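Mapping of the sequence shown onto the working numbering: residues 39 to 163, in sequence order. First comes the structure, then the notes that go with it.
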Amino acid sequence: MKKQDIDWKKILKIVGIIALVIIGIIIIWHIIVWLISLVEYLFGVVVAGIEWIIGFFIFVLVFKALFGGKTTSSSTHVKKPFFLPSASDNIKEAKHQVHDARDDVADSRDYVGHLNKNERDRRRW
């Protein structure tokens, strides 16, 4: 019987390749887990930022609702909430409802005889 020579170089090469593959898999696994945790952290920061912004706007609305009126205690004016109509909302419409004083001023055309009074009124202003 011949004694077979053990080729240690081939065995070490195979063991080294297997070890490198295992180490590579472990490193890749850790990188994937690290990236997942990084994305999770960034998502949490974004969500927290949005919550802070929404909370700030809610605080401003509540503050304006509670303290939005005049600051003097002698004032009788009470500021209405934003959803109730105010008299100042319809200023343009109210302007058209005010009686025009020019209608009361005599016009030279009034002294001209007309066949029909409605024709005279239609031609005024």
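Virtual Cβ for every residue (Gly too), placed ideally from N, Cα, C. Computed from a predicted structure; not experimentally measured.
Rounded to the nearest angstrom, the gap between the Cα atoms of L73 and V98 is 38 Å. Leaving aside the five residues that flank V83 on each side, none in its chain has a CB nearer than 6 Å to its CB.
Per DSSP, reduced to three states, the secondary structure at I92 is helical. Per the coordinates, the alpha-carbon of I44 lies some 18 Å from the alpha-carbon of I55.
Straight-line spacing of the CA atoms in I88 and G106 works out to 25 Å.
Here the alpha carbon of I92 sits roughly 36 Å from the alpha carbon of H68. When DSSP states are grouped into helix, strand and coil, G82 belongs to the helix group.
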